[in-house]
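Protein chains in written order, with our numbering: chain A, 12 to 304; chain B, 6 to 161.
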C-alpha cells in the first residue's frame, strides 16, 4: 500500500507539473523561448521605457505599378523582363529579386488588360516562387483557375493579385523569414519604377507623374534598411545596397527635397533630375534582371 | 484510513510546487492565426494592402513601439486593428508625421484589449505615410506579452 501511495504521488506530480509527454516538452521549450525573448528585450532596455522600437510595412508590387498605370502610356512588352530568363537565375538573391521583378511585370500586364501575357507572367512567378521554396503560396487555393476564369474582368483579377500578395506575406510571416520580403520588394520596386519611367515624354517638370515618382523615391530609405538587415550579407546584397544608396543620395541632394520630413518642392525638380533618376533606376534594374548578375 | 491521509498529504505536498511553477510562467497571448480571418472580413470592400504583427512585451515601465505605413496619393485606405492577442490593454495612436516634426498631429486614438476596430485615414490627414504608435503601459503581470494584428486594405 505504501508503494501504491508513493506511485500515486509520483504520478500526480508528473501529470500536474509537466502536463504529460511530448506536449509538456514543447510547452517547456516554448516557455524557455519566451523567457529568452523577454530577457533579451529587458536587456535592450525596452522594458525600462528608455528605448522605442521602430518598424515599417512595405507596399505591394500591385500598389507600385498601379501608380504608373494611370499615366495613359501604351503597354509595351519590351519594358518587362524576358520570360525566358526565369530558369537562368542561379543564386537565391537573384531569384528573390527577380521574383519581385516578375511580380511587378505581372501587375503591369494585369493593369493593362494583357490577358494571355498575364498568365505567362503568373507562371513565371510560380516557377521562381517554387525555386526559392515558396511553392505553398500557390497551394493555398486554386489561384490559376481563378485567374483564368476571371480573365477579362480587371477588378476580379486585381483582387486575385492582392490575395496572392497576402498569401506571400503570410508564408513569410509563418516561416519567420521576413527578411525575404525586403529582397522581393527591392526587385518589385525597381521594376515598377523602371516601367513608370520609360515614357520619357512624361519626364518633364510639372507633369502629373513627378509627384508619383517622388512618392516612390521616399520608400528607398526603408528598402535600403531592409537590405542592410539581410542575414547573409553577400557581395551581391552589398552591391545592390550601394546602388540603391547612390540613387537615394542623388535624390536627397536635389534642392527642395527633404527626406527627413518627406517634404518636397516639386517646382525645383528639373527635367535633368528626372532623367538622371531614370538612368540610375535603369542601371539597377538591368543589373538585377541580367542572367549574369 | 491512515493510508488515505498519507496519500492525500503526499498529493497536496507535491501539487503545491507544481502549481507554483504554473503561476510563474510567462504567458504569450498572441494567437494571430486565429483572429486574422476576422480582421480580413472587416477589410471588405477594400483589397488587401499589407499586414503587420507587432509583438508587445509588457515590462516594468511604460514603453512604445512605432510602425511606419506608406500611403499613396489617389488611394483610400482602411486599417483594421485586432487586439485579441493582448493580455492587457494598450493605446493605439496614429500620427500624420514622424516624431520630431513640428507638424505632427494625432489623427486617431483608441485604448483597447480583446477587440477589433477600424480606422480609415482621410486623404487630407495622411499624405505619403502615417505612423502607428503603440503605447504600452507597465505590466499588470510581470513578463506578460502578446501582439497587435494590423491588417490594411486599399482602393485605387
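By construction, the Cβ of each residue, glycine as well, lies at the ideal position given by its N, Cα and C atoms.
In this text the structure is predicted, and so the values were computed from the model without any measurement.
When the beta-carbon positions are compared, residue 76 (chain A) and residue 115 (chain A) come within less than 7 Å of each other.
For residue 81 (chain B), the enclosing beta strand (DSSP E) stretches over residues 81-87. Partner residues in the beta bridge of residue 269 (chain A), as assigned by DSSP, are A:274. Beta-bridge annotation (DSSP): residue 80 (chain A) is not paired with any residue.
At a cut-off of 7 Å, the C-beta of residue 78 (chain A) has a neighbouring C-beta in chain B. Straight-line spacing of the CA atoms in residue 267 (chain A) and residue 40 (chain B) works out to 45 Å. Residue 142 (chain A) does not reach chain B, its nearest Cβ partner there being about 24 Å away, counting only Cβ pairs nearer than 7 Å. Using a Cβ distance threshold of 7 Å, residue 117 (chain B) and residue 88 (chain B) count as a contacting pair.
Nearest C-alpha to residue 160 (chain B) among B:44, B:51 and B:131: B:51.
Burial state of residue 284 (chain A) is buried, judged by a 10 Å Cβ sphere holding 16 or more other Cβ atoms. Take residue 162 (chain A), set aside five residues on each side of it, and the residues of its chain with a beta-carbon closer than 6 Å to its own are 126, in chain order.
Residues of chain A whose Cβ lies closer than 7 Å to the Cβ of residue 44 (chain B) do not exist; the shortest such Cβ separation is about 11 Å.
The region 247-255 of chain A makes no contact with the region 209-224 of chain A, as fewer than three CB pairs between them are under 8 Å.
The Cβ atoms of residue 157 (chain B) and residue 84 (chain B) sit closer than 7 Å to each other. Secondary structure note for residue 52 (chain B): its beta strand (DSSP E) is the uninterrupted segment 52-62. Only exposed fits residue 89 (chain A), as fewer than 16 other CB atoms lie within 10 angstroms of its CB. Counting along the chain, the unbroken beta strand (DSSP E) around residue 111 (chain B) starts and ends at 111-117.
Approximately 11 Å separates the beta-carbon atoms of residue 72 (chain B) and residue 100 (chain B); this is outside 8 Å, ruling out the contact. Residue pairing by DSSP places residue 69 (chain B) opposite B:140 in a beta bridge. Only 169, 170 and 173 from the region 154-173 of chain A bring a Cβ to less than 8 Å from some Cβ of chain B. Per the DSSP secondary-structure output, residue 75 (chain B) pairs in a beta bridge with B:134. Residue 110 (chain A) and residue 280 (chain A) have their C-alpha atoms roughly 32 Å apart.
For residue 118 (chain A), no beta strand (DSSP E) segment is defined; the enclosing uninterrupted segment is the alpha helix (DSSP H) at 103-122.
Here residue 217 (chain A) is exposed: its Cβ has fewer than 16 other Cβ atoms, across all protein chains shown, within 10 Å. The DSSP-derived three-state label of residue 234 (chain A) is helix. DSSP, reduced to helix, strand and coil, places residue 186 (chain A) outside both helices and strands of the structure shown, so it counts as coil. Straight-line spacing of the CA atoms in residue 60 (chain B) and residue 272 (chain A) works out to 27 Å.
Against chain A, the beta carbon of residue 134 (chain B) has neighbours under 8 Å at 229 and 273, listed in chain order. Around the beta-carbon of residue 33 (chain B), 16 or more other beta-carbon atoms lie within 10 Å, marking it buried. Taking 7 Å as the CB threshold, residue 82 (chain B) stays off the interface with chain A. At a beta-carbon threshold of 8 Å, the residues of chain A lying near residue 55 (chain B) are 68, 69, 70, 71 and 180, ordered along the chain. Between the C-alpha atoms of residue 124 (chain B) and residue 247 (chain A) there is a straight-line separation of about 41 Å. Of the candidates A:234, A:293 and A:117, the residue whose Cα lies closest to the Cα of residue 75 (chain B) is A:234. Of the candidates A:147, A:108 and A:171, A:108 places its Cα closest to the Cα of residue 296 (chain A).
Using a 10 angstroms sphere on the CB of residue 194 (chain A), the tally of other CB atoms reaches 16 or more, which defines it as buried.
By the C-beta density criterion, residue 223 (chain A) is buried, having at least 16 other C-beta atoms within 10 angstroms.
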